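Undergrad: In my numbering, the protein residues as written are 125 to 228.
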């Protein structure tokens, strides 16, 4: 079609739940999902999703340092015991896996 704008549609799932369609124009306002992230501030890498000791005991594997790379094999999920957004991740440096808080 002459004069039309090139768009691409993706089926997407929100971290807070729900699915829908995302439309991206040729200007690429929406960035594709990347599974590799850089740690912005020090955060403990724990053994379980829950950070509430009363619900489930957990162990801190180690502290992830700012600038460190981590891979997220899946979307972050909400920890219902604390309300925090948590993600399962793997530290690139030593392949230790666990859970981190993305947003409190």
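Where is the CB? At the ideal position from N, CA and C, for every residue including glycine. Just so we're clear, the structure is a prediction, and the values are computed from it rather than from any experiment.
I'd like the span of the beta strand (DSSP E) that includes residue 188, first residue to last.
TA: Start and end: 184-188.
Undergrad: With 16 other CB atoms within 10 Å as the buried threshold, where does residue 145 fall?
TA: Looking at its Cβ environment, which holds fewer than 16 other Cβ atoms inside 10 Å, residue 145 is exposed.
Undergrad: Give every residue of the same chain whose Cβ lies closer than 6 Å to the Cβ of residue 175, excluding the five residues on either side of it in the sequence, and list them in chain order.
TA: Result list for residue 175: 206, in chain order.
Undergrad: Pick helix, strand or coil for residue 209, following the three-state DSSP scheme.
TA: In the structure shown, residue 209 sits in a strand (DSSP, three-state: E or B).
Undergrad: Please determine, among 131, 134, 187, 138, the residue with the shortest C-alpha to C-alpha distance to residue 224.
TA: With distances taken between Cα atoms, residue 224 lies closest to 187.
Undergrad: According to DSSP, is residue 179 helix, strand or coil?
TA: Residue state, collapsed to three classes: coil.
Undergrad: Check each candidate in 180, 194, 148 and name the one with the smallest Cα separation from residue 204.
TA: Checked all of 180, 194, 148; the closest Cα to residue 204 is 180.
Undergrad: Sort 131, 133, 132, 138 by Cα distance to residue 200 and report the nearest one.
TA: Cα-wise, what sits closest to residue 200 is 138.
Undergrad: Starting from residue 194, trace the beta strand (DSSP E) both ways and give me its first and last residue.
TA: From DSSP, the beta strand (DSSP E) with residue 194 extends over 193-195.
Undergrad: Is the beta carbon of residue 163 closer than 8 Å to that of residue 189?
TA: For residue 189 and residue 163, yes; Cβs fall inside 8 Å.
Undergrad: Three-state secondary structure (DSSP) at residue 214?
TA: Three-state DSSP puts residue 214 in a strand.
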